[in-house]
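Residue numbers (the working numbering), protein chains in the order written: chain A, 9 to 346; chain B, 9 to 346. Glycine is no exception: its CB is placed at the ideal position from the N, C-alpha and C atoms.
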DNA sequence: CTGAAAGCGCTAACAT
DNA sequence: ATGTTAGCGCTTTCAG
């Protein structure tokens, strides 16, 4: 590998002059500078990030902590889409992305150690167990971090607006004439809490009564559980006219159950999903769902982490809420009368 | 940050002794070694990867080149699933994953420069334009690389077995009594070529006639085009009894078109998808599709790249073919007679 | 405008 | 079994 000293030799200048030229410093003559750069290029010079990082303590590398307990991991479209736009935003700002694991890499055991080890300038955290002591250690450390969909007090977070999400769904259903709205929600997380509260609150707002048996616990991305909950709802003496699911994936299991029981979705009973995965527009009946703006979330996460890294003094903790929108499909029937 | 010299001072030994203890060398007494390690831990020592890399020229970091021209990028389930298992395998072997871009990071312009800059021990390449000169430069460089679903002569590649895939699909359809099998294929890539050839060859093998108008070009993950092709196929004087799609996503557009024309999928006409995305089991009718073993592909890619990195002498170029399997759904009708 | 020199934190060959 | 030393490739202060 050709290095700075090789170029210096070839150009008959000192290595510091080469360094300056390569870094676009202005305290040397245009001629020298451009001559050096030309020759460096000609010699096929590629800088060595590790030497640079060692010296400057800046890696231009952003760690990403993406762990999914359910195992679907990156293949969960919501998160892979966030990752994709996060990556694009980071790269556009001159940063690379490295995954942070808690596997043993270089004697490191924890997320924090790992991130430190690699010299990450900052870390974006999503889709993990936010009660994990390792995650807390990382967030409380001196490394700038941003969390997605979870707020650590006093720290910056990007939030998909679940409160607005459930509000908009319920409001829409009310507008469509629904008064018996069931909600199958995911496991108990901060997100689930927000959705539930918003659901109850909005129902109250519109004078919609919510019997206890209309609220069922499922789990995100475990269609079997939502299927089972659907069966239970259908078997009620006074079944709901509409069911809200924890995610689009789960809503498909709901459709299956509903059809199995001889009913037709969008006619005999309505359903609403959550997420807005791409496929939701292509399945029949086309799914009515709340689309989370995952692209915007990832982009904002990238923007904010770069901001925190580059202006540590002036950037303060904040929660950024990213709204989504309701995608009308064919799974919600307009009820003429109650 | 506490460093090796701090530990040395505290332990009253030399830095090299500390280094040896921390790296588990055996040429020092057990006692010294464990004492040093204890104190290092107590002091909260975290090694500095960059210093280590600078010295050893080994980063324990694998670059990943994942670019999708269609823009769906990581959110394409086939690839995000590969990435996920690749990541797991790499981490299990003590390697981290860093994305390689061709954005300007540290004055680097090309994929190769980028990978060199970061000191990647190896690079896994997938889902890119394999004719891109930058990709070729990278593959032909001295960095160990592995490609997924594309073979560069003399280089190692992990291949989803598209030949077997199309063979198995056609064979299955033949067994189910189909003799009029149309194929909507993706844009012209090496994969498409393989699928097409295998399709023609297997049809020939079973004495199935393939009129030119039964073969249509669509594009991977562009449902609109497959929808259009479906319409054209349905409008033929002698329409096919079954249509094979380039991917599951596209097959959904096919279903939509078929139903729009008043036919019923799995009854009036049969269809087969490709990929085996998770959702394929949950849509109705359940999709008959060829499941690519993306998990195995990612895992194998991780295994092989580590092998190449760690045994550069003894590992030779090879193509590893990963078979998938046909997932029977409800979209293919068994035809009693022709 | 250019150069000399120190040093980032670590490893490893070579003493002792 | 332990220590000395050189140096990985780079940036940056400080002198000239």
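Practice task
Could you tell me whether any Cβ in chain B is nearer than 8 Å to the Cβ of residue 346 of chain A?
Solution key: Indexing the first chain from 1 puts residue 346 of chain A at position 338. Note that residue 346 of chain A scores 45 on pLDDT, short of 50, meaning its location in the model is unreliable; the coordinates nonetheless yield the value given after this. It does not; no Cβ of chain B falls within 8 Å.
Exercise for the section: Classify residue 211 of chain A as helix, strand or coil using the three-state DSSP reduction. Expected result: Counting from 1 along the first chain, the entry for residue 211 of chain A is found at position 203. DSSP, reduced to helix, strand and coil, places residue 211 of chain A within a helical segment of the structure shown.
Practice task
Out of A:269, A:271, A:322, A:340, point me to the one whose CA is closest to residue 294 of chain A's CA.
Solution key: The sequence position of residue 294 of chain A within the first chain is 286, counting from 1. It is A:340.
Problem - Length-filtered (4 minimum) alpha helix (DSSP H) runs lying within the stretch 248-287 of chain A - result: Every unbroken stretch of the alpha helix (DSSP H) spanning 4 or more residues and falling wholly within the stretch 248-287 of chain A is given here in chain order: 256-268.
Problem - Helix, strand or coil at residue 34 of chain A [DSSP, three-state] - result: Position 26 of the first chain, counting from 1, holds the residue named residue 34 of chain A. Coil.
Handout entry: Contact belief for residue 334 of chain A with residue 180 of chain A at Cβ below 8 Å, rounded distance in angstroms
Key = Numbered from 1 along the first chain, position 326 holds the residue referred to as residue 334 of chain A. Numbered from 1 along the first chain, position 172 holds the residue referred to as residue 180 of chain A. Confirmed, about 6 Å.
Handout entry: Whether residue 191 of chain B touches residue 222 of chain B by CB criterion (8 Å)
Key = Translated into positions along the second chain, residue 191 of chain B becomes position 183. Translated into positions along the second chain, residue 222 of chain B becomes position 214. At a Cβ-Cβ threshold of 8 Å, residue 191 of chain B and residue 222 of chain B count as neighbours.
Handout entry: Residues that residue 167 of chain A bridges to, as DSSP identifies them
Key = On the first chain, residue 167 of chain A is found 159 positions in, with the first residue counted as 1. DSSP links residue 167 of chain A through a beta bridge to A:329.
Practice task
Could you name the residues of the same chain whose beta carbon sits closer than 6 Å to that of residue 188 of chain A, not counting the 5 residues immediately before and after it, in chain order?
Solution key: Here residue 188 of chain A refers to the residue found at position 180 when the first chain is read from its first residue. Only residues of its own chain outside the window of five on either side were considered, and among them 248, 249 have a CB closer than 6 Å to the CB of residue 188 of chain A, listed in chain order.
Practice task
Compile a chain-ordered list of the residues in the stretch 29-56 of chain A whose CB is closer than 8 Å to at least one CB of chain B.
Solution key: Those would be 30, 54, 55, 56, in chain order.
Exercise for the section: Identify whether residue 336 of chain A lies in helix, strand or coil by the three-state DSSP scheme. Expected result: Locating residue 336 of chain A in the first chain gives position 328, where the first residue counts as 1. Of the three classes helix, strand and coil, the one that applies to residue 336 of chain A here is coil, per DSSP.
Exercise for the section: Anything in chain B within Cβ reach of residue 266 of chain A, meaning under 8 Å, just list it in chain order. Expected result: Your numbering for residue 266 of chain A matches position 258 in the first chain. Those within 8 Å of residue 266 of chain A in chain B number zero; the least Cβ separation is about 10 Å.
Exercise for the section: For residue 73 of chain A, decide whether its Cβ has a neighbour in chain B, counting only Cβ atoms nearer than 8 Å. Expected result: Sequence index remark: in the first chain, residue 73 of chain A carries index 65 (1-based). With 8 Å as the cut-off, residue 73 of chain A does not count as an interface residue toward chain B.
Practice task
Quick one: list the residues of chain B neighbouring residue 311 of chain A, beta-carbon separation under 8 Å, in chain order.
Solution key: Position 303 of the first chain, counted from the start, is the residue given in the question as residue 311 of chain A. Within chain B, no residue has its CB atom less than 8 Å from the CB of residue 311 of chain A, the nearest being about 15 Å off.
Exercise for the section: Taking only beta carbons into account, state which residues of the stretch 124-141 of chain A come closer than 9 Å to chain B, listed in chain order. Expected result: Those would be 124, 125, 126, 127, in chain order.
Handout entry: Classification of residue 346 of chain A by the beta-carbon crowding that lies within 10 angstroms, buried from 16 upward
Key = Taking the first chain and counting its residues from 1, one reaches residue 346 of chain A at position 338. Here residue 346 of chain A scores only 45 on pLDDT, less than 50, and its place in the model should not be relied on; the value that follows carries that caveat. Exposed.
Problem - Cβ distance (whole Å) where residue 263 of chain A is taken to contact residue 287 of chain A below 8 Å - result: What you label residue 263 of chain A is simply residue 255 of the first chain in a count that begins at 1. What you label residue 287 of chain A is simply residue 279 of the first chain in a count that begins at 1. Not confirmed; about 13 Å, so no contact.
Exercise for the section: Enumerate in chain order the residues of its own chain whose CB-to-CB distance from residue 291 of chain A is below 8 Å, with the five nearest sequence positions on each side excluded. Expected result: One-based indexing of the first chain puts residue 291 of chain A at position 283. In the same chain as residue 291 of chain A, and ignoring 5 residues on each side of it, the C-beta atoms closer than 8 Å to its own belong to 260, in chain order.
Exercise for the section: Could you tell me whether the Cβ of residue 111 of chain B comes closer than 8 Å to any Cβ of chain A? Expected result: Here residue 111 of chain B is taken as the residue at index 103 of the second chain, counted from 1. Output row for residue 111 of chain B: interface = yes.
Exercise for the section: Give the secondary structure of residue 87 of chain A by DSSP, where H, G and I count as helix, E and B as strand, and everything else as coil. Expected result: By one-based count along the first chain, residue 87 of chain A stands at place 79. DSSP places residue 87 of chain A within a helical segment (H, G or I) once states are collapsed to three.
Handout entry: Proximity to residue 172 of chain A [Cα-Cα], best of A:197, A:207, A:196, A:58
Key = For the purposes of this step, residue 172 of chain A is taken as residue 164 along the first chain, with counting starting at 1. Of the candidates A:197, A:207, A:196, A:58, the one whose C-alpha sits nearest the C-alpha of residue 172 of chain A is A:207.
Exercise for the section: List the residues of chain A whose Cβ lies closer than 7 Å to the Cβ of residue 88 of chain B, in chain order. Expected result: Translated into positions along the second chain, residue 88 of chain B becomes position 80. For the C-beta of residue 88 of chain B, the chain A residues within less than 7 Å are, from N- to C-terminus, 82, 83, 88.
Practice task
Compare the C-beta of residue 292 of chain A against all C-beta atoms of chain B and say whether one is closer than 8 Å.
Solution key: Your numbering for residue 292 of chain A matches position 284 in the first chain. Any Cβ of chain B closer than 8 Å to the Cβ of residue 292 of chain A would place that residue at the interface, and such an atom is present.
Handout entry: Under 7 Å from the C-beta of residue 95 of chain B: neighbouring residues of chain A
Key = Within the second chain, residue 95 of chain B is the residue found at index 87, counting from 1. 107, listed in chain order.
Handout entry: C-beta atoms of residue 100 of chain B and residue 111 of chain A nearer than 8 Å
Key = Against the second chain, residue 100 of chain B aligns to sequence position 92. Against the first chain, residue 111 of chain A aligns to sequence position 103. By the CB criterion at 8 Å, residue 100 of chain B and residue 111 of chain A fall inside the cutoff.
Exercise for the section: Determine, using beta carbons only, whether residue 169 of chain B comes closer than 8 Å to chain A. Expected result: Locating residue 169 of chain B in the second chain gives position 161, where the first residue counts as 1. With its beta carbon at least 8 Å from every one in chain A, residue 169 of chain B lies outside the interface.
Handout entry: Within the stretch 62-132 of chain A, ranges of the alpha helix (DSSP H) (whole runs, at least 4 residues)
Key = If we require 4 residues or more, the alpha helix (DSSP H) runs fully inside the stretch 62-132 of chain A come out as 85-100, 119-126.
Exercise for the section: Would you mind stating whether residue 317 of chain A and residue 106 of chain B have Cβ atoms separated by less than 8 Å? Expected result: The residue labelled residue 317 of chain A in the question sits at position 309 within the first chain. The residue labelled residue 106 of chain B in the question sits at position 98 within the second chain. Taking 8 Å as the cut-off, the beta carbon of residue 317 of chain A is found no closer than this to the beta carbon of residue 106 of chain B.
Practice task
Starting from residue 189 of chain B, follow the beta strand (DSSP E) in both directions and report where the run begins and ends.
Solution key: The residue you call residue 189 of chain B lines up with position 181 of the second chain. First-last of the beta strand (DSSP E) with residue 189 of chain B: 189-193.
Practice task
Please report the residue range of the beta strand (DSSP E) in which residue 299 of chain A lies.
Solution key: In the first chain, the residue the question calls residue 299 of chain A occupies position 291. For residue 299 of chain A, the enclosing beta strand (DSSP E) covers residues 297-299.
Problem - Simplified DSSP assignment, three categories, for residue 236 of chain A - result: Taking the first chain and counting its residues from 1, the one referred to as residue 236 of chain A is at position 228. Three-state DSSP puts residue 236 of chain A in a helix.
Exercise for the section: Please confirm if residue 92 of chain B has its CB atom under 8 Å from at least one CB of chain A. Expected result: If you number the second chain from 1, residue 92 of chain B lands on position 84. Using a CB distance cut-off of 8 Å, residue 92 of chain B counts as an interface residue toward chain A.
Exercise for the section: Examine chain A for any beta-carbon lying closer than 8 Å to the beta-carbon of residue 315 of chain B, and answer yes or no. Expected result: Taking the second chain and counting its residues from 1, one reaches residue 315 of chain B at position 307. At a cut-off of 8 Å between beta carbons, residue 315 of chain B makes no contact with chain A.
Handout entry: Cutoff 7 Å; reference residue 300 of chain A; Cβ partners in own chain excluding five residues on either side
Key = In the first chain, counting from the first residue as 1, residue 300 of chain A sits at position 292. 86, 168, 283, 284, 332, listed in sequence order.
Practice task
May I ask which residues mark the beginning and end of the beta strand (DSSP E) holding residue 154 of chain A?
Solution key: Position 146 of the first chain, counted from the first residue, corresponds to residue 154 of chain A. Where residue 154 of chain A is concerned, the enclosing beta strand (DSSP E) stretches over 153-156.
Practice task
In angstroms with no decimal places, state the Cα-to-Cα distance between residue 138 of chain B and residue 158 of chain B.
Solution key: By one-based count along the second chain, residue 138 of chain B stands at place 130. By one-based count along the second chain, residue 158 of chain B stands at place 150. Using only the alpha carbons, I get a separation of about 8 Å.
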